[in-house]
Amino acid sequence: MSHALAPEPLTATPGAALRGSLRPPGDKSISHRSMILGLLSQGRTRVEGLLEGDDVLRTAAAAKALGAKVERLGEGRWVVDGVGIGGLTDPAEVLDFGNAGTGSRLMMGVVGGQPVTATFDGDASLRSRPMRRILDPLCLMGTQVVSEAAGGRVPLTLRGPQEAIPITYETPAASAQIKSAVLLAALNAPGVTTVIETAATRDHTERMLRLFGAEIRVEPHGPQGHGRKVSLTGQPTLRGTDVIVPADPSSAAFPLVAALITPGSEIVIEGVMMNPLRTGLITTLIEMGADIEKLDEREEGGETVANLRVRASHLKGVDVPAERAPAMIDEYPVLAVAAAFAEGTTRMNGLHELRVKESDRLAAVAAGLAANGITHRIEGDDLIVEGDGSAPRGGGTVASHLDHRIAMSFLVLGLATREPVRVDDGAMIATSFPSFLPTMSALGGRIGA
Numbered sequence: 145m146s147h148a149l150a151p152e153p154l155t156a157t158p159g160a161a162l163r164g165s166l167r168p169p170g171d172k173s174i175s176h177r178s179m180i181l182g183l184l185s186q187g188r189t190r191v192e193g194l195l196e197g198d199d200v201l202r203t204a205a206a207a208k209a210l211g212a213k214v215e216r217l218g219e220g221r222w223v224v225d226g227v228g229i230g231g232l233t234d235p236a237e238v239l240d241f242g243n244a245g246t247g248s249r250l251m252m253g254v255v256g257g258q259p260v261t262a263t264f265d266g267d268a269s270l271r272s273r274p275m276r277r278i279l280d281p282l283c284l285m286g287t288q289v290v291s292e293a294a295g296g297r298v299p300l301t302l303r304g305p306q307e308a309i310p311i312t313y314e315t316p317a318a319s320a321q322i323k324s325a326v327l328l329a330a331l332n333a334p335g336v337t338t339v340i341e342t343a344a345t346r347d348h349t350e351r352m353l354r355l356f357g358a359e360i361r362v363e364p365h366g367p368q369g370h371g372r373k374v375s376l377t378g379q380p381t382l383r384g385t386d387v388i389v390p391a392d393p394s395s396a397a398f399p400l401v402a403a404l405i406t407p408g409s410e411i412v413i414e415g416v417m418m419n420p421l422r423t424g425l426i427t428t429l430i431e432m433g434a435d436i437e438k439l440d441e442r443e444e445g446g447e448t449v450a451n452l453r454v455r456a457s458h459l460k461g462v463d464v465p466a467e468r469a470p471a472m473i474d475e476y477p478v479l480a481v482a483a484a485f486a487e488g489t490t491r492m493n494g495l496h497e498l499r500v501k502e503s504d505r506l507a508a509v510a511a512g513l514a515a516n517g518i519t520h521r522i523e524g525d526d527l528i529v530e531g532d533g534s535a536p537r538g539g540g541t542v543a544s545h546l547d548h549r550i551a552m553s554f555l556v557l558g559l560a561t562r563e564p565v566r567v568d569d570g571a572m573i574a575t576s577f578p579s580f581l582p583t584m585s586a587l588g589g590r591i592g593a
């Protein structure tokens, strides 16, 4: 099991306007998948702009443990020499994923569809997170759960079949991780595997599988076409390819909201992925009155990217529809921060998925808002935040619960409240945004120990 990092308390102090430009780290979702599909491909995969946070490095280490040759050439530049579908080897040691929920769940799909046996583990946060909804469809495909902690949690050991069984599976929740785990297991299934989701989730796995040579079909599903039916023809020959990783919209969210709520700010965020299944936060903020301008929209690595010019704005409360949740599930904590500065009521509907992230994010966000004098309430799976258009009091200490997005969201809050905001532990920020502190400092933000 991962050793716990020493807590790193951080305090954000309100100060001057934010100015300048930045490029956020590479997208975490695509970084994970570039390592995984590089492992499963024949030949060499070259990756530019990889997010070198702890989560992705754990996935890279797992790919190596399963037989790939993985090498870092320089900052963000990596190569993976894959072993192909069916060519994985049993790892000599436990696959320790630290805090990486995405990496661990996707790699369970890989192992669950291949004739290998591997044990998965992680830190205290990962050990508390449910894995049963990943394991259930994998078991239908022939995966054996050799051992597991209570409730289907890690540490757990999986043994994959000689060939996976093709299935048709409707996901019980809007989760790209469930969909992706099934599709990755299906790569070693003789036939067509279909995943049905009632609400479309991020589609990076489908896009990247196609990039690497898989035959995959995506169709609208459901009465309004909000869902997707994804069909994969198994046992393709994946070929190593070049991957350019765009900037992560989930990481871009933090300086973006900081600039919106800090008076006088104007920043440019470069190279941000504009995939419509990832830009729910930007759509919502623009509805709230945010001054966000897209510049130089272009294609990179199979994804649309753009530079974003962001100016401080007077925000107004809005009603955020539940069907938008899959396109912004990681951004609700920082949206709650923006809502605290808005005039009126912001209601965020259908946030059940927040309860099974790195922490119970819904409860953690509510506690952080309460600690800083922000009026809010939870009704079922909805979060309601009340603002009067002025800066909240702040002055509170927020428990991060080993959750990088909770830590960064409330540090952003403290850049514009009337009093400083303290986060009990910012050590886990390195899992997704290792350069967060120097990046915010370069813009003029005051965050320190």
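Going by my numbering, the sequence shown opens with residue 145, and the numbers climb by one from there.
Note that CB positions come from ideal geometry on N, CA and C, so glycine has one too.
- DSSP places isoleucine 413 within a strand segment (E or B) once states are collapsed to three.
- Judged by DSSP in its simplified three-state form, serine 585 adopts helix.
- Across the structure, tyrosine 476 and threonine 423 are spaced so that their CA atoms are roughly 12 angstroms apart.
- Glutamine 288 sits exposed, since fewer than 16 C-beta atoms from the chains shown fall within 10 Å of its C-beta.
- The Cβ atoms of leucine 282 and glycine 253 lie closer than 8 angstroms to each other.
- In the three-state DSSP reduction, histidine 176 falls in the helix class (H, G or I).
- Within the DSSP bridge table, the entry for threonine 157 names Arg590 as partners.
- Its Cα nearest to that of glycine 164, the residue Leu452 stands out among Lys438, Leu452, Leu232 and Ala293.
- The continuous stretches of alpha helix (DSSP H) do not include phenylalanine 264, which lies in the beta strand (DSSP E) extending over residues 261–265.
- Residue state for threonine 189 is assigned as strand, using DSSP reduced to three classes.
- Methionine 251: member of the alpha helix (DSSP H) spanning 245–256, first to last residue.
- Looking at the DSSP output, glycine 164 bridges to Ile411.
- Following the DSSP letters along the chain, one finds serine 534 in no alpha helix (DSSP H), marked with neither H nor E.
- Straight across, the Cα-Cα distance linking glycine 226 with leucine 184 is about 6 angstroms.
- Alanine 551 carries a helical assignment under DSSP once its states are collapsed to helix, strand and coil.
- Here the alpha carbon of alanine 236 sits roughly 7 angstroms from the alpha carbon of alanine 209.
- The three-state reading of DSSP puts valine 556 in helix, counting H, G and I together.
- If you check the CB distance, glutamate 152 and alanine 571 come in under 8 angstroms.
- In this chain, the alpha helix (DSSP H) harbouring glycine 424 covers 424–431.
- Taken in chain order, the complete beta strand (DSSP E) segments of 3 residues or longer contained in the segment 469–501 are 487–492.
- In the DSSP assignment, the residues bridged to aspartate 526 are Glu523.
- The Cβ neighbour count for glutamine 258, taken over all protein chains shown within 10 Å, is at least 16; the residue is labelled buried.
- Collapsing the DSSP output to three states places valine 387 in a strand.
- Non-local C-beta neighbours of leucine 376 in its own chain, meaning closer than 6 angstroms and more than five positions away in sequence, comprise Leu327, Ala330, Thr337 and Ile360, ordered along the chain.
- Here serine 457 carries a coil assignment [DSSP, helix/strand/coil].
- The beta carbon of glutamate 467 is closer than 8 angstroms to those of Ala343, His370 and Gly494 in its chain, skipping five residues each way along the sequence.
- By the Cβ neighbour-count rule, serine 409 is buried, with 16 or more other Cβ atoms within 10 Å of its own.
- In this structure the segment 453–462 touches the segment 471–487; the number of beta carbon pairs closer than 8 angstroms is three or more.
- Ranking Asn243, Pro334, Phe356 and Ala456 by CA distance to the CA of arginine 383 puts Phe356 first.
- In this structure, DSSP gives alanine 450 an extended state, which the three-state scheme calls strand.
- In this structure aspartate 199 touches threonine 246 by the C-beta definition: roughly 7 angstroms separates them, less than 8 angstroms.
- In this structure, Glu530 is the residue among Gly524, Val255 and Glu530 with its C-alpha nearest to the C-alpha of isoleucine 518.
- Fully contained in the segment 275–299 are the following beta strand (DSSP E) runs of length 3 or more, in chain order: 288–293.
- Burial check for valine 565: the Cβ neighbour count within 10 Å reaches 16 or more, so the residue is buried.
- Isoleucine 436 is bridged by DSSP to Val454.
- Judged by their CB atoms, aspartate 171 and leucine 195 are nearer to each other than the 8 angstroms cut-off.
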